[in-house]
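Written below as structure tokens is the structure these notes are about.
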Amino acid sequence: MKFLKELATAPPTAWFGMIVILVYVIVAVFADIIAPFSETEVVGDLYLEWDQTYWLGTDQLGRDVLSRLIYGARNTVGIALATTILSFLLGGTLGLIAATLGGWIDQILSRIVDVIMAIPQLIFALLLLTVFAGRAPDINLGFTSIAGASLTLILVIAFLDSTRVYRLARAVAMNIVVMDFVEAAKLRGEGLGWIIRKELLPNSMAPLVAEFGLRFCFVFLLIAGLSFLGLGVQPPTADWGSMVKESATLISYGDITPLIPAGAIALLTVAVNFVVDWMLHRSSGLKD
Amino acid sequence: MPKQAMYKRGDDNGMWPILKMVTQRLALGVVTLFVVSVLIFSSVEFLPGDIATEILGQAATPETVAQFRKDVGLDKPPVERYFSWLAGIAQGDFGKSLANQRPISELISSRLWNTLFLASMAALIAVPLAVLFGVLAALYRGSFLDRSINVMTLTTISFPEFFVAYILIMIFAVNLGVFPSISNIGPETPFWDRVYRSVLPSLTLTLVVMAHMMRMTRAAIINLLASPYIEMARLKGITRSQIIIKHALPNALAPIINVIALNMAFLVVGVVLVEVVFVYPGLGQLLVDSVAKRDITVVQASSLIFAGTYVLLNLLADVLSILTNPRLLHPR
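Line order of the protein sequences matches chains A and B.
Heads up, the first sequence is in this note's numbering, so the first residue is 6 and it goes up one at a time.
Heads up, the second sequence is in this note's numbering, so the first residue is 72 and it goes up one at a time.
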């Protein structure tokens, strides 16, 4: 009930954001049902015009652009989401551990993070992708399978991005660790895992959730950028960044096809940013 | 907090606090550069084989591999190789490209100049605009101007660089036909022609960076206007313009300069994608091509240049924000 009341006070921008996110989720989950053709099926001639069968035409191999766009929602957003979750698991856990234990563990972890953050993320990602290219196997998780190239991408970006999460989680937890209830828990002999799960995590949830949205946008844009450069998600996986790259030459002929997947990326990031902006606004109590 | 207080009192160890802080930052910067170079160098050591097996392929005989390793100097211990790599770079020798055996410095020099040209052009457009709009948004907080700037910046921050680039191409190159969509410039291109061909890429960069710069400038000024001495000045009845010129601006300079330097660092990296979209012959394009070819020595060299520039600009931001802080400049 309280949640619904909060929702009612959301500004129009936040509403817009939430509706867009919902639409993306539906498209991603039900891609199989919504898409008129399959992800990799060659359905017609190359570069067909927009018509009734192929609403957005066909691409350079004769695959239906609309279908690839719909499957792209699943792949592109899925990969970015997996990366962000992994980044939060890694960075968040280490950050909370560093804050709780302090001492040399904190020192070592923090200095490592400092060094990694001294190198621009895109450049470091390019370096690591060069080194690890073609080393990850394709894996099958039962409900979905991940291509080797995508797996490398997820691991590399999650590793690099976890440094940002580490910083925030540590900073937030530092303020909680000094509280009396944590002291009390330590004195009664609770273990590290218990303190993190029962004391730190519930109290640092709000800023971490907002950060999750921001990190997702960042990771999403980074992965889209890498895929656009041809160094991220590899064909034949339908992915928005690669779709822009593949159809980029069409723009010189006044064809807006490359703008559609690019716009899909932009729209989702705008939506998430609007929602996060509202959440931050609300939690900080600012009324300006 | 006690650390801060110590700096403010200053004279207790016979040294100007500001000088001490700047030296500390510079020392830290040198250490960072060193560690970054170690990291970039050693990333290759993570390869399961090494560069030799990587290039010659699985089919190569052990003799050829051994010979190749000797030629490239891979048979020496890593520490020795690192220092000779570093010594070479200090003299402008980055080694040879694995893909075509050309000296890397030859590949890099003209491209580095092109990249710096593009970045400076974008900076020249972005900085004045961003600071102006940031300050205006802060001064007229909550007004229509502020709110529209807020929505606009939030939107452009969310756009991938290539989306902005293609929209600009669509408008200015395809529909209006005023600027070229491909920036093919060479060493012989005359200056103004070079500027003309770089308009779209630098405009893209401007749009991408400006949003960050504007938001940060706005936040810095708002933070400042909330401080007690501004309220005091207002209560004394000083005019609005006087408050801003005499009281706010000197104190706002530090955060604004900081924001600009940080964004220059951001810009240097943002160049990579934009260069690829516009086929601009810069360092970013070289880096991307080399990653695709797995030409690891070129990747290392260009990563080092990008990372080095990034570290130096961050350092500059740090030092400038100390140097422009009125409280540190006039210690009591």
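Every residue, glycine too, gets a C-beta built ideally from N, C-alpha and C.
Inset, instruction - Grab me the residues of MET72(B)'s own chain with a C-beta within less than 8 Å of its C-beta, minus the 5 sequence neighbours each way, in chain order. - result: Only weak support is given to the placement of MET72(B): the predicted model assigns it a pLDDT of 41, under 50, and the value that follows is read from those uncertain coordinates. Once the five neighbours on either side are set aside, MET72(B) has no close Cβ partner at all.
Legend entry - Burial state of LEU271(B), where buried means 16 or more other Cβ atoms lie within 10 Å: buried
Legend entry - Distance, LEU333(B) Cα to ALA215(A) Cα: 23 Å
Inset, instruction - Give a yes or no on contact between the region 51–70 of chain A and the region 158–171 of chain A, applying the rule of three or more CB pairs nearer than 8 Å. - result: no
Legend entry - Alpha-carbon to alpha-carbon, GLN162(B) and ALA323(B): 41 Å
Inset, instruction - Provide the residue(s) that pair with THR63(A) in DSSP beta bridges, ordered along the chain. - result: ASP69(A)
Legend entry - Listed by chain order, chain B residues near THR18(A) by CB distance under 9 Å: VAL222 and LEU225
Legend entry - Partners in chain B for ASP244(A), counting only beta-carbon separations shorter than 8 Å: Per Cβ cutoff of 8 Å: no residues; ASP244(A) is ~13 Å from chain B at best.
Inset, instruction - Please go through the same chain and pick out, in chain order, the residues whose beta-carbon is closer than 6 Å to the beta-carbon of LEU66(B), but skip the five residues on each side of it. - result: Past the edges of chain B, shown from 72 to 403, lies residue 66(B), and the structure says nothing about it.
Legend entry - Three-state class that DSSP yields for PRO299(B) in the structure shown: helix
Legend entry - Cut-off 7 Å between Cβ atoms - residues of its own chain near PRO240(A), not counting five sequence neighbours on either side: SER247
Inset, instruction - Consider the Cβ of THR277(B): report whether some Cβ of chain C lies at a distance smaller than 8 Å. - result: No chain C appears in this structure, whose protein chains are A and B.
Inset, instruction - Identify which residue in GLU188(A), GLY259(A) and ILE144(A) has its Cα closest to the Cα of GLY248(B). - result: GLY259(A)
Inset, instruction - Output the distance between the C-alpha atoms of LEU207(B) and ILE75(A), rounded to the nearest integer angstrom. - result: 42 Å
Legend entry - Best match in LEU273(A), LEU95(A), ALA178(A) and THR254(A) for proximity to ALA211(A) [C-alpha to C-alpha]: For ALA211(A), the nearest C-alpha among the options comes from ALA178(A).
Legend entry - Close beta carbons around ASP293(A), own chain, < 7 Å, minus the five adjacent residues each side: Annotation note: pLDDT 42 at ASP293(A) (below 50); position unreliable, no value reported.
Legend entry - Buried versus exposed call for PRO261(B) [16 or more other C-beta atoms within 10 Å across all chains shown]: exposed
Inset, instruction - Taking ASN208(A) as the reference, give the member of ILE128(A), TYR59(A) and VAL183(A) with the closest Cα. - result: VAL183(A)
Inset, instruction - Could you list the residues in the region 359–392 of chain B with a C-beta less than 7 Å from some C-beta on chain A, going in chain order? - result: VAL359, VAL362, ALA363, ARG365, ILE367, VAL370, SER374, PHE377, ALA378, TYR381 and VAL382
Legend entry - Nearest-angstrom Cα separation, counted from VAL82(A) out to THR149(A): 14 Å
Inset, instruction - Report the residue from LEU394(B), ILE256(B), ALA282(B) and ILE376(B) whose alpha carbon sits nearest the alpha carbon of PRO125(A). - result: Sorting LEU394(B), ILE256(B), ALA282(B) and ILE376(B) by C-alpha distance to the C-alpha of PRO125(A) places ILE376(B) at the top.
Inset, instruction - Would you check if there are 3 or more beta carbon pairs closer than 8 Å linking the region 188–207 of chain A to the region 125–139 of chain A? - result: no
Inset, instruction - State whether the region 272–284 of chain A contacts the region 236–243 of chain B, with contact taken as three or more CB pairs (one from each stretch) at a distance under 8 Å. - result: Short answer: they don't touch.
Inset, instruction - Would you please state the rounded distance, in angstroms, between the beta carbons of ASN80(A) and THR242(A)? I believe it to be under 8 Å. - result: 5 Å
Legend entry - Cα-Cα separation between THR88(A) and VAL224(A), rounded to whole angstroms: 7 Å
Legend entry - Cβ of LEU110(B) within 8 Å of any chain A Cβ: yes
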